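**Q** Here's a structure for you.
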Amino acid sequence: MSENGTETAPQETNSTSADATINETDQTTEQTSQDITPDTTDITQPSESAENAEDVSYHTVEKEGKVTAIWEMQGRKHIRTIDPRSNEGKQILELFETAA
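Numbering follows this note's numbering, in which position 29 of the sequence shown is assigned residue number 45; successive positions increment by one, without gaps.
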């Protein structure tokens with residue numbers, strides 16, 4: 017009832033359009049969350065990284081017949097340089113000398 021004693025009709029709100037907007041927002045949120053969810057099947061498996069470790073090769077750099085450096089390579093990529101005078105360098109050279 018109004019202040020003057022007359023009955024007023026209830027005012028209609030635009031609830032149907034608001035409900036539709038909420039539903040559209042919920043659907044968009046669901047689609048977005050599905051798009052963002054990572055696919056765990058694409059993660060690199062440990063067996064693949066083990067195969068990459070097998071691709072490591074060693075190349076010697078020689079000057080005047082003497083080994084001055086050992087290059088650790090993975091495919092065509094230079095990983096690091098090893099000093100042939102270091103313990104690791106000596107071990108690598110021994111392995112390849114005994115194999116030859």
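Ideal placement from N, C-alpha and C gives every residue a C-beta, glycine not left out. Fair warning: this is a prediction, and the values are worked out from it, not measured in the lab.
1. Rounded to the nearest angstrom, what separates residue 105 and residue 76 at their Cα positions?
2. So what does residue 76 bridge to, in DSSP terms?
3. Going by DSSP, what residue range makes up the beta strand (DSSP E) through residue 96?
4. Among 115, 113, 109, 72, which residue has its Cα nearest to the Cα of residue 85?
5. Between 100, 115, 114, 113, which lies nearest to residue 88 when the distance is taken from Cα to Cα?
6. In or out: residue 62 buried (at least 16 other Cβ within 10 Å) or exposed?
7. Would you mind working out which of 72, 111, 82 sits nearest residue 92, comparing C-alpha positions?
**A** Put simply:
1. Note on geometry: alpha-carbon atoms of residue 105 and residue 76 lie some 10 Å from one another.
2. 86
3. 93-98
4. In terms of CA proximity to residue 85, 109 leads the group 115, 113, 109, 72.
5. 100
6. Low local confidence applies: a pLDDT of 45 at residue 62 is under 50, so the model's placement there is unreliable, with the coordinate-based value given in what follows. Residue 62 comes out exposed.
7. 72
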